[in-house]
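Participant: The following block contains the structure, expressed as structure tokens.
2 protein chains.
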Amino acid sequence: MGLIVEVENGDPNNAVLVPPPNFAMVEDCIFRSSFPTPSNFPFLQTLNLRSIIYLCPEPYPEENLEFLRSQNIRLFQFAIEGKTDVSTPILKDSIMDALKVLIDVRNHPVLIHCKRGKHRTGCLVGCLRKLQNWCLSSVFEEYKRFAGVKSRTMDLTFIEMFDILSLSQCLYSIIYQYHGYGSKKRRLLNKDENLQKPRLTSF
Amino acid sequence: MGLIVEVENGDPNNAVLVPPPNFAMVEDCIFRSSFPTPSNFPFLQTLNLRSIIYLCPEPYPEENLEFLRSQNIRLFQFAIEGKTDVSTPILKDSIMDALKVLIDVRNHPVLIHCKRGKHRTGCLVGCLRKLQNWCLSSVFEEYKRFAGVKSRTMDLTFIEMFDILSLSQCLYSIIYQYHGYGSKKRRLLNKDENLQKPRLTSF
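Chains as they are written, first to last, in my numbering: chain U, 1 to 203; chain Z, 1001 to 1203.
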């Protein structure tokens, strides 16, 4: 029998874990949260992170840098101001650059965070969902789940207007090269095992 | 370069995906949502599900059963009434039984759903988080993110009072048998590869 519970020692009371506020799993090996503090480090260790995408212009605190060094985690910083006018081309470029880092599985497992895990993180995740062909209403629902009453219409507009076509086309060309034109399903996956899932149960 | 985008055909506009409302990833190979309708089936196909945990007493609709048959997905139904008095022992037993199905990786990937993906699903996920040693405030934050204004104090009390000790002890005994007492880290993981993550980047 296989189980998913992780145990560090025999006494469960010894290892209470504190995820950062607004923590969630986005996709296999992609996580999101607010700014992690030292109280969250034991929890973050369980994620086995390879990198962090940090979306604020402020320098990363020394104690967080020390944690990253000790865990061999790479920091990708994209300096987006807290209340950026979303019509500026700089934001588009920063989100596009962050998106390229985000979808590269060589950087996984990866944690995305800004300050509150609502607006900047929500925009980046929203653009990822567009790239995954989610319908806009579902993208917005997810954004609002994390932003709550702080939801910003200008962020939703940014996500809607964000052009993923050039990135998609770039991905398609890579995928075509990888699988060839004759393949029925042109999927480039992190783990090959997903393609052929063993079936233990029948319906 | 490895990428996580999945493509069904060359035209991205052909494959707009509609996740069920309140859809989210809970853990590796564990998902949650509201009741899926046929418009969500193409999206659900991308999850490559092996099973569904359904937490309502109402019979599963024929069109959903047909989808499950076609995808070879096993249905586990736990008949919990919509506004159950959480003090009834029946609920405790149902959630415990569902939890046992949920943590068994032989059933993964698995989707948990009830009607709205708020209360019954939120209770089950909350109990899973306790088993994972999350602190209660983080468990409650996650519950509220999905329940929103429909958040119920009695659900939070149920989660708080839910006794995971017997299940934890059972898991520990399995883990001890599996890894032996001498092991420094007693983790029983879905994928062994997680234990030895290759490092491609250095900080």
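Glycine included, every Cβ here is placed at the ideal spot set by N, Cα and C.
1) Considering just the uninterrupted stretch of the alpha helix (DSSP H) at I95 of chain U, what are its terminal residues?
2) Looking only at its chain, what residues have a beta carbon closer than 7 Å to the beta carbon of E1160 of chain Z, apart from the 5 residues adjacent to it on each side?
3) Could you check which residue in Z:E1081, Z:F1023, Z:T1153 has the C-alpha nearest to that of V1110 of chain Z?
4) Just checking: is the beta-carbon of M1025 of chain Z within a distance shorter than 8 Å of some beta-carbon in chain U?
5) Under a CB-based cut-off of 8 Å, is S138 of chain U close to chain Z?
6) Just to confirm, are L1049 of chain Z and W134 of chain U a CB contact at a threshold of 8 Å?
7) So, does the CB of E1141 of chain Z fall closer than 8 Å to a CB anywhere in chain U?
8) What first and last residue would you give for the beta strand (DSSP E) that runs through I158 of chain U?
9) Output yes if chain U places a C-beta closer than 8 Å to the C-beta of D1028 of chain Z; else output no.
10) Which residue marks the beginning of the beta strand (DSSP E) containing A24 of chain U, and which one marks its end?
11) Which value, in whole angstroms, describes the spacing of the CA atoms of S39 of chain U and F67 of chain U?
12) Is S1051 of chain Z buried or exposed, if buried means 16 or more other CB atoms sit within 10 Å of its CB?
13) Mapping DSSP to helix, strand and coil, what is R1032 of chain Z?
14) Could you tell me the distance, in whole angstroms, from the CA atom of I95 of chain U to the CA atom of Y172 of chain U?
15) Mind checking whether K118 of chain U and A79 of chain U have CB atoms under 8 Å apart?
16) According to DSSP, what are the bridge partners of Y1054 of chain Z?
17) Could you name the residues that DSSP lists as bridge partners for L17 of chain U?
18) Assuming L75 of chain U contacts L102 of chain U under a Cβ cut-off of 8 Å, what Cβ separation, rounded to an integer in Å, is found between them?
19) Where do the ends of the alpha helix (DSSP H) carrying N64 of chain U lie?
20) Got a sec? Which residues, its chain only, sit under 7 Å from E1081 of chain Z by beta carbon, not counting five neighbours each side?
21) Does the CB of L17 of chain U have a neighbour CB from chain Z at under 8 Å?
22) Which chain Z residues sit within Cβ distance under 7 Å of P21 of chain U?
23) Would the beta-carbon of I1053 of chain Z fall within 8 Å of that of A1098 of chain Z?
24) Less than 6 Å between C-beta atoms, sequence neighbours within five positions excluded: which residues of the same chain meet that for Q1169 of chain Z?
25) So, with DSSP's three-state summary, where would you put L47 of chain U?
26) Can the beta-carbon of H1113 of chain Z be found less than 8 Å from the beta-carbon of F1035 of chain Z?
27) From U:L131, U:L47, U:Y60, U:T121, pick the residue whose C-alpha is nearest to that of L167 of chain U; which is it?
28) For K1092 of chain Z and F1162 of chain Z, what's the separation of their Cα atoms in angstroms?
29) Taking C135 of chain U as the query, report the chain Z residues whose CB atoms sit under 7 Å from its CB, ordered along the chain.
30) Measuring only between beta-carbons, confirm whether R1145 of chain Z sits less than 8 Å from chain U.
31) Assuming E141 of chain U and P1021 of chain Z form a contact by the criterion Cβ under 8 Å, report the distance between their Cβ atoms to the nearest whole angstrom.
32) Go through its chain and collect everything with a Cβ distance to C29 of chain U's Cβ below 8 Å, but skip five positions before and after it.
33) Helix, strand or coil, according to DSSP, for P1038 of chain Z in the structure here?
34) Quick check: the Cα distance between R1069 of chain Z and F1031 of chain Z, rounded to an integer number of angstroms?
35) May I have the straight-line CA-CA distance separating T46 of chain U from M25 of chain U, to the nearest angstrom?
36) For L1055 of chain Z and T88 of chain U, what's the separation of their Cα atoms in angstroms?
Facilitator: In this structure, then:
1) As a working note, residue 95 of chain U is residue 95 in the first sequence. Note, I95 of chain U: alpha helix (DSSP H), 89-103.
2) As a position in the second sequence, residue 1160 of chain Z is number 160, starting the count at 1. Hits under 7 Å: L1136.
3) One-based indexing of the second sequence puts residue 1110 of chain Z at position 110. Nearest option by C-alpha distance: Z:F1023.
4) By 1-based counting over the second sequence, the position of residue 1025 of chain Z is 25. Yes, contact with chain U.
5) For the purposes of this step, residue 138 of chain U is identified with residue 138 of the first sequence, where counting begins at 1. Answer yes: the Cβ-Cβ gap between S138 of chain U and chain Z drops below 8 Å somewhere.
6) Position 49 of the second sequence holds residue 1049 of chain Z. Position 134 of the first sequence holds residue 134 of chain U. Contact flag unset, no.
7) Stepping through the second sequence from its first residue, residue 1141 of chain Z is reached at position 141. Yes - at least one Cβ of chain U is within 8 Å of the one on E1141 of chain Z.
8) Position 158 of the first sequence holds residue 158 of chain U. Here residue 158 of chain U turns out to be Phe, not Ile, going by the sequence shown. Careful: F158 of chain U lies outside any beta strand (DSSP E), inside the alpha helix (DSSP H) at 153-161.
9) Here residue 1028 of chain Z refers to the residue found at position 28 when the second sequence is read from its first residue. Yes - at least one Cβ of chain U is within 8 Å of the one on D1028 of chain Z.
10) If you number the first sequence from 1, residue 24 of chain U lands on position 24. A24 of chain U -> beta strand (DSSP E) spans 24-27.
11) The residue given as residue 39 of chain U occupies position 39 in the first sequence. The residue given as residue 67 of chain U occupies position 67 in the first sequence. Answer to the nearest angstrom: the Cα atoms are 12 Å apart.
12) Counted from its first residue, the second sequence places residue 1051 of chain Z at position 51. So S1051 of chain Z ends up on the buried side.
13) Taking the first residue of the second sequence as 1, we reach residue 1032 of chain Z at position 32. Strand, per DSSP.
14) The count along the first sequence starts at 1 and reaches residue 95 of chain U at position 95. The count along the first sequence starts at 1 and reaches residue 172 of chain U at position 172. Each residue's Cα considered, the two are about 20 Å apart.
15) In the first sequence, the residue the question calls residue 118 of chain U occupies position 118. In the first sequence, the residue the question calls residue 79 of chain U occupies position 79. Cβ distance not < 8 Å, so K118 of chain U and A79 of chain U don't count as in contact.
16) Residue numbering aside, residue 1054 of chain Z sits at position 54 when the second sequence is read from its first letter. Looking at the DSSP assignment, Y1054 of chain Z forms a beta bridge with Z:Q1077, Z:H1113.
17) Along the first sequence, one-based indexing puts residue 17 of chain U at 17. Answer is Z:W1134.
18) Along the first sequence, read from residue 1 onward, the residue named residue 75 of chain U stands at position 75. Along the first sequence, read from residue 1 onward, the residue named residue 102 of chain U stands at position 102. About 14 Å separates the two Cβ atoms, so there is no contact after all.
19) Numbered from 1 along the first sequence, position 64 holds the residue referred to as residue 64 of chain U. Residues 62-71.
20) By one-based count along the second sequence, residue 1081 of chain Z stands at place 81. Counting only Cβ-Cβ distances below 7 Å, and skipping sequence neighbours, we find P1057.
21) Here residue 17 of chain U refers to the residue found at position 17 of the first sequence. Taking Cβ atoms only, chain Z reaches closer than 8 Å to L17 of chain U, which makes this a yes.
22) One-based indexing of the first sequence puts residue 21 of chain U at position 21. The answer, in chain order, is E1141.
23) For the purposes of this step, residue 1053 of chain Z is taken as residue 53 along the second sequence, with counting starting at 1. For the purposes of this step, residue 1098 of chain Z is taken as residue 98 along the second sequence, with counting starting at 1. Their beta carbons are under 8 Å apart, which means I1053 of chain Z touches A1098 of chain Z by this criterion.
24) Reading the second sequence from its first residue, position 169 is the one you call residue 1169 of chain Z. Correct list: empty, nothing qualifies.
25) On the first sequence, residue 47 of chain U is found 47 positions in, with the first residue counted as 1. L47 of chain U falls in the coil class under three-state DSSP.
26) On the second sequence, position 113 is the one that residue 1113 of chain Z refers to. On the second sequence, position 35 is the one that residue 1035 of chain Z refers to. Yes.
27) Stepping through the first sequence from its first residue, residue 167 of chain U is reached at position 167. Among U:L131, U:L47, U:Y60, U:T121, the Cα nearest to that of L167 of chain U is on U:L131.
28) If you number the second sequence from 1, residue 1092 of chain Z lands on position 92. If you number the second sequence from 1, residue 1162 of chain Z lands on position 162. Answer to the nearest angstrom: the Cα atoms are 7 Å apart.
29) If you number the first sequence from 1, residue 135 of chain U lands on position 135. Under the 7 Å cutoff, chain Z gives V1016, L1017, V1018.
30) Your numbering for residue 1145 of chain Z matches position 145 in the second sequence. By this cut-off, R1145 of chain Z is an interface position.
31) On the first sequence, position 141 is the one that residue 141 of chain U refers to. On the second sequence, position 21 is the one that residue 1021 of chain Z refers to. Right, the Cβ-Cβ distance comes to about 6 Å (below 8 Å), so this counts as a contact.
32) Locating residue 29 of chain U in the first sequence gives position 29, where the first residue counts as 1. Around C29 of chain U: V105, H108, P109, V110, N190.
33) Here residue 1038 of chain Z corresponds to residue number 38 of the second sequence, with the count starting at 1. DSSP places P1038 of chain Z in helix when its eight states are reduced to three.
34) Residue 1069 of chain Z sits at position 69 when you count from the first residue of the second sequence. Residue 1031 of chain Z sits at position 31 when you count from the first residue of the second sequence. Cα to Cα, R1069 of chain Z sits roughly 19 Å from F1031 of chain Z.
35) In the first sequence, residue 46 of chain U corresponds to position 46, counting from 1. In the first sequence, residue 25 of chain U corresponds to position 25, counting from 1. For T46 of chain U and M25 of chain U, the distance between alpha carbons rounds to 13 Å.
36) Residue 1055 of chain Z sits at position 55 when you count from the first residue of the second sequence. Residue 88 of chain U sits at position 88 when you count from the first residue of the first sequence. C-alpha separation (whole angstroms): 46 Å.
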